[in-house]
Amino acid sequence: MSGLALQILSGLATGGIYASIALALVMIYQATHLVNFAQGEMAMLSTYFAWMLFAGGMGYWQVFFLTVAASFLFGMVIERIVIRPISGGSVLSVITVFIALMIIMTSFAGWVFTFTIKSFPSPFSDCWKITPLLSPHEVGMIAVTLAMLALVFAFFRFTPVGLAMRAAALDPVASRLVGIRVSRMLALGWGLAGAVGAVAGMMAAPIVYLDPHMMGGILIYGFAAALLGGINNPWGAVLGGLIVGVLENVCGTYLVGTELKLTIALVLIVGVLLLRPAGLFGKPTVTRV
Amino acid sequence: MQQSLNLKLIVPLALVALVLPFVLESYQVLQFTMVIILSIVLAGLILLTGFNGQVSLGHGAFYAIGAYTAAILMNGAGVPYLATLPVAALLGLVAGYLFGLPALRLEGHYLALATFALAVATPQILKHKALEPWTGGVQGIILDKPEPPAWLPVDADQWLYFVCLFVAALLFLLAWNIVRGKVGRAITAIRDQPIAAVSMGIDAAKYKSITFGVSAMYTAVGGALSAIVTQFVAPDSFAIFLSITFFVGMVVGGVRSLAGALLGALFLQFVPNLADELSKAAPGIVFGAVLIGCVYLMPTGIAGLYGVLTEKVRRLRR
Amino acid sequence: MSTVLEMRKVNAWYGATQVLHEVSLAVGEGQITALLGANGAGKTTTLRAICNLMVRTTGSLALLGDDISNTVTEDIVRLGVAHVPDGRGTFKSLTVEENLKLGAYARADRATIGRDYERVYGYFPRLAERRRQQAGTLSGGEQQMLAISRALMLQPKLLLLDEPSFGLAPIVVREIFSILKSINANDGVSMLLVEQNANMALKIAHVAYLLETGAVVMSGDAGAIASDEAIRRSYLGH
Chain A
655 MSGLALQILS GLATGGIYAS IALALVMIYQ ATHLVNFAQG EMAMLSTYFA
705 WMLFAGGMGY WQVFFLTVAA SFLFGMVIER IVIRPISGGS VLSVITVFIA
755 LMIIMTSFAG WVFTFTIKSF PSPFSDCWKI TPLLSPHEVG MIAVTLAMLA
805 LVFAFFRFTP VGLAMRAAAL DPVASRLVGI RVSRMLALGW GLAGAVGAVA
855 GMMAAPIVYL DPHMMGGILI YGFAAALLGG INNPWGAVLG GLIVGVLENV
905 CGTYLVGTEL KLTIALVLIV GVLLLRPAGL FGKPTVTRV
Chain B
762 MQQSLNLKLI VPLALVALVL PFVLESYQVL QFTMVIILSI VLAGLILLTG
812 FNGQVSLGHG AFYAIGAYTA AILMNGAGVP YLATLPVAAL LGLVAGYLFG
862 LPALRLEGHY LALATFALAV ATPQILKHKA LEPWTGGVQG IILDKPEPPA
912 WLPVDADQWL YFVCLFVAAL LFLLAWNIVR GKVGRAITAI RDQPIAAVSM
962 GIDAAKYKSI TFGVSAMYTA VGGALSAIVT QFVAPDSFAI FLSITFFVGM
1012 VVGGVRSLAG ALLGALFLQF VPNLADELSK AAPGIVFGAV LIGCVYLMPT
1062 GIAGLYGVLT EKVRRLRR
Chain C
356 MSTVLEMRKV NAWYGATQVL HEVSLAVGEG QITALLGANG AGKTTTLRAI
406 CNLMVRTTGS LALLGDDISN TVTEDIVRLG VAHVPDGRGT FKSLTVEENL
456 KLGAYARADR ATIGRDYERV YGYFPRLAER RRQQAGTLSG GEQQMLAISR
506 ALMLQPKLLL LDEPSFGLAP IVVREIFSIL KSINANDGVS MLLVEQNANM
556 ALKIAHVAYL LETGAVVMSG DAGAIASDEA IRRSYLGH
């Protein structure tokens, strides 16, 4: 029985990472109705940035917060320069830009940092080992992810800017009529997504190791989590991430074997889109003809 | 949309294609054989995306289906290599049709997402232990190189080139017929005005699924040919990068006309080699930069440039 | 009498289609000005033109003497123009309170926000009862009240209202219009009131303009227009 408990707890730990990526995806989707295919690569570049700072000799938490700040800026820059000019374009041109971003970011990382796998430090020493079922890093991961998610939610719930961002995503025209600069809100949303992704990357890297392709599988799980929770629902994204994390571990260990874990994500994605496109917690949207 | 056969271009092209294997080195013949195979794949993708508006990031999976079908039949059942082609085509058609069945539910970005997930999951499925007796697991399958018929004065590489050329000609003819007929009008109507199309009585769901199936069929045939030509299949050749490569070729070649398939194939085969001279990561950056250039400057790709330039020349003449 | 808003010879286009032709009107300070006309006359477009929203315009627009012809919507709001659009524009999945908070988002004087919440709840007690409810669960009339309240939270110099009576029962319309009249009388809020329901509008307005296919065909004192038989029959349908 402790085997199952182990899988569930461990699944919750990795689920936190999926929840973070899912949250970033949902934030961007809510504001722009775009699926950010480059979310994984953005997080990967953030993690390399942190790695560079480590190589320079900085302490962990300094690096952590610097990276988060830099990733916030990076996200805003991408929105302004790459995304804004083609927003409103056809599905094909938008997806083409995302694919281009993915390719450029991965190749850039490979060019600058090479494709050899690097290790990434974890700040969580053995004093974090509060249960035999989880490693210190897994415990730390859960703590950091929870703290970050709580901060994000507090931001959206209690600050005027957070409220304005929610409004801008709900109804851009009405938002303009109360004076909200919708384009600035979009840039902010991308900045937040960049920052959240950076945290996910830095938490994942000690486990999956650092290389330009590290986020590929995680991104797919993030997609599955976002869809499962309801692509319009940030709370749902978080819950979806936790569920996906647990499912991945439990199904991987007891049902289909660890070699088919990505297939689980695929089945989830296709299943949700077919059976319940609004996800578990989302509201079905009606498109005006 | 190019609907007329531009004979002034096609005849010289055909002549060049027929002569090429006799004037090139062996490895170059192989390169051009890959160009032909890639153009078959891209033709399928252009039918789906350019003409029917469905964006797929997962066609590598259908390529893998075709490749492994050929490999398993040749290796395990001793089926002659030519006979594997119709089987691969059929399996690709069925697989594509099934994946495209929920086509109305999976639209736009969601379809791209679902196909992306399919492409990412494909190598894992191919490596799975349960399928190992057939697929050869991680090591894959090695095949024997087909021999040309004794009575033809061509070597093995030239023979395979002509096999692929023949298949490509057939498939392009088929695609051209689809595009300029009633079906072609229906699928482009669905791309441009889906709701109006439905109200005119076009069964959008049916057409979309069938188009997906046909598109996958082309890709699977390409996959089978590639297995025959390279004599090797292994799971890691069919990772997400493959699907992305196909996507890039389609956009750069020109998504709105079948000519784009050939142009995209030439781009995919030769540009990365050139870029490789610079650095290992350069091909990716070149791809990405060219893609972005296409979106902003050349939305209809290289094939579209021809139309844009001829239009400008026409206007200057007036 | 000074003017809050002055439109002079404004033309407006949606793309290539011209919808407003040389429209000139003025909203007096502290007054309710009605803009009347049938469906498609261009009333909504006029309000959008003032806010520089979704239409291309030529001509001059001045708010309290300052030219706003080239100002973006978000900045026009900051200058004190609150626009209650047709369809109300409430944020349905946000609460009443959150909607009101957003109304105050762009306002200059932040010290008196708390007092304005109370004032708005005073005008519309039903909103006070429902302040934690999601806006989408309110009735049509309550949503209209919320939309007006949200606009008032800006402490606007000019309140633009697009068909507040639309889709509401007559008794609710009467209630809302009488409250609008009080707001104008007590707080001196200048209003430009777009309405199809000419009767109700003329009852509370000081000045009225009539719009027909994008051009002003009549203007004058609201009372005079309301009581003129000939005008009523030809322009107002009775």
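Protein chains in written order, with our numbering: chain A, 655 to 943; chain B, 762 to 1079; chain C, 356 to 593.
C-beta atoms are modelled at their ideal positions from N, C-alpha and C, and glycine is treated no differently.
From a predicted model like this one, the values you see are computed outputs, not experimental measurements.
Neighbourhood of residue i by C-beta distance below 7 angstroms, restricted to the same chain and skipping five residues each side
i	result
A/Ala841	Met730, Glu733, Arg734
B/Val778	In the sequence under discussion, the amino acid at residue 778 of chain B is Ala, which differs from the Val named in the question. Hits under 7 angstroms: Leu926.
B/Ala985	Gly827, Ala828, Thr830, Ala831, Thr845, Leu846, Ala849
C/Gly522	Gly495
B/Phe812	Val940, Gly945, Ile948, Thr949, Arg952
Within chain A, partners of residue i - CB distance below 7 angstroms
i	result
C/Tyr369	Near C/Tyr369 there are no residues of chain A at all, since even the closest Cβ is about 15 angstroms away, more than 7 angstroms.
C/Leu360	None at all; the shortest Cβ gap to chain A is about 16 angstroms.
B/Tyr871	Leu927
B/Pro863	Leu928
B/Ala875	Ile923, Val924, Leu927
Neighbour flag for residue i against chain A, beta carbons, 8 angstroms
i	result
C/Leu501	no
C/Leu514	no
C/Ala463	no
C/Tyr472	no
B/Ile951	no
C/Glu584	no
B/Thr991	no
Neighbouring residues, chain C, relative to residue i (Cβ below 8 angstroms)
i	result
A/Ala828	Pro440, Gly444, Thr445, Phe446
A/Ile834	Glu429, Leu457, Tyr460, Ala461
A/Pro814	Lys456, Tyr460
Cross-strand partners of residue i (DSSP beta bridge)
i	result
C/Glu361	C/Ala381, C/Ala417
C/His438	C/Leu515
C/Tyr369	C/Thr372
C/Glu550	C/Leu391
C/Ala563	C/Ala389, C/Gly575
C/Thr412	C/Ala367
C/Ser545	C/Leu513
C/Ser422	Note that residue 422 of chain C is Asp in the sequence shown, not Ser. BP columns for C/Asp422 point to C/Ala417.
C/Ala570	C/Glu567
C/Gln489	C/Thr450
Sequence-distant residues of its chain with Cβ nearer than 6 angstroms to residue i (five each side left out)
i	result
C/Gln498	Arg443, Thr445
C/Ala437	Ala506, Leu509, Pro511, Leu514
A/Ala859	Thr701, Phe774
A/Leu755	Ala692
Proximal residues to residue i (C-beta, below 8 angstroms), its chain only, five neighbours per side dropped
i	result
A/Lys772	Trp705, Tyr863, Leu864, Asp865
A/Phe762	Leu699
Residue-chain proximity (residue i, chain B), Cβ-Cβ < 8 angstroms
i	result
A/Ser725	no
A/Ile874	yes
A/Thr668	no
A/Phe935	no
A/Thr770	no
A/Glu902	no
A/Val924	yes
Interface partners of residue i on chain C, CB under 7 angstroms
i	result
A/Arg930	Chain C residues near A/Arg930: none, gap ~20 angstroms exceeds 7 angstroms.
Any C-beta of chain C under 8 angstroms from that of residue i
i	result
A/Ala858	no
A/Arg734	no
A/Ala818	yes
A/Ala808	no
A/Ala685	no
A/Leu824	yes
Proximal chain A residues relative to residue i, where beta-carbon distance stays under 8 angstroms
i	result
C/Leu408	Val827, Arg830, Leu831
B/Pro1060	Ser747
B/Leu1052	Thr750, Val751, Ile753, Ala754, Ile757
Under 9 angstroms by beta carbon: chain A residues contacting residue i
i	result
C/Glu452	Those do not exist, as C/Glu452 stays about 10 angstroms from chain A at its closest Cβ, beyond 9 angstroms.
Under 7 angstroms from the C-beta of residue i: neighbouring residues of chain B
i	result
A/Leu920	Ala878, Leu879, Ala882
9 angstroms Cβ cut-off: residues of chain C touching residue i
i	result
A/Ala821	Phe446, Leu449, Glu453, Asn454, Leu457, Tyr460
Within chain B, the residues that residue i reaches when beta carbons sit closer than 9 angstroms
i	result
A/Phe762	Ala1042, Gly1045, Ile1046, Gly1049
Exercise. Residues in the stretch 428-448 of chain C with C-beta within 7 angstroms of chain E's C-beta atoms, listed in sequence order?
Worked result: Reference to chain E is not applicable here, since the protein chains of this structure are A, B and C.
Problem set entry | Those runs of the alpha helix (DSSP H) which lie wholly inside the stretch 983-1041 of chain B and span at least 4 residues | 1001-1014, 1020-1037
For this session: Run through the stretch 656-727 of chain A for me and flag every whole alpha helix (DSSP H) of 4 or more residues, listed as ranges in chain order.
Result: 656-686, 693-709
Problem set entry | Whole runs of the alpha helix (DSSP H) within the stretch 856-905 of chain A, excluding any shorter than 4 residues | 870-883, 888-904
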